[in-house]
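Asker: Our numbering puts the sequence shown at residues 52 to 177. Yeah, the Cβ is synthetic: ideal placement off N, Cα and C, and Gly gets one too. What you are looking at is a predicted structure, and each value in this text was computed from that prediction instead of being measured.
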Amino acid sequence: MPAGTLYRGREGMWSWVAHRVTGVLIFFFLFVHVLDTALVRVSPEAYDDVVATYKTPIVALLEYGLVAAILFHALNGLRVIAVDFWSKGPRYQKQMLWSVMAIWFVLMVGALYPVLGHAVREVFGS
């Protein structure tokens, strides 16, 4: 690392990167969602075929990833707001990041069954 730079490669930098990556992933999901929903006007049969592919276990894993991205992006966004608008925010940004990660983890564990339950039943049987 060159002397005199602000780059440290610590928690703040990784949360910045993760916030941008999750934002881009959510944007692309929304783009694809609008396109596949618009398909119903072009060909209802093609739309039904596309929706049928969404009921596969692999897509269920992708949905779980989408939930992970949305939850992290939302929680980290609240942390960014606190850092920007709370006078003590910069001082506690690292603790707030670890709090965001703990809350995110608990919510992701709670989302396991609702999001992946159908896929597990389909792969392993009821």
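Residues in its own chain within less than 6 Å of T73 by CB, not counting five upstream and five downstream?
Answerer: The answer, listed in chain order, is A120, F123, H124.
Asker: As a quick exercise: from V93, I154, P165, pick the residue whose alpha carbon is nearest that of L126.
Answerer: The candidate whose alpha carbon is nearest that of L126 is I154.
Asker: With DSSP as the reference, label W137 as helix, strand or coil.
Answerer: The answer is coil: DSSP assigns W137 none of H, G, I, E or B.
Asker: In this structure, does DSSP put K106 in helix, strand or coil?
Answerer: Three-state DSSP puts K106 in coil, outside helix and strand.
Asker: Looking at P108 and A162, is the spacing between their C-beta atoms short of 8 Å?
Answerer: No; because the gap between Cβ atoms is not below 8 Å, this pair is not in contact.
Asker: Quick one: what does DSSP say G116 is sitting in, helix, strand or coil?
Answerer: Helix, per DSSP.
Asker: Apart from the five residues just before and just after V166, which ones in its own chain have a Cβ nearer than 8 Å to its Cβ?
Answerer: Excluding sequence neighbours, V166 sits near A111, E114, Y115, V118.
Asker: Label S138 either buried or exposed according to how many other C-beta atoms from any shown protein chain fall within 10 Å of its C-beta, with 16 as the threshold for buried.
Answerer: When all chains shown are included, S138 counts as exposed.
Asker: R142 by DSSP, collapsed to three states: which one?
Answerer: Residue state, collapsed to three classes: helix.
Asker: If you draw a straight line from the C-alpha of S94 to the C-alpha of E62, how long is it?
Answerer: Between S94 and E62, the C-alpha separation is close to 47 Å.
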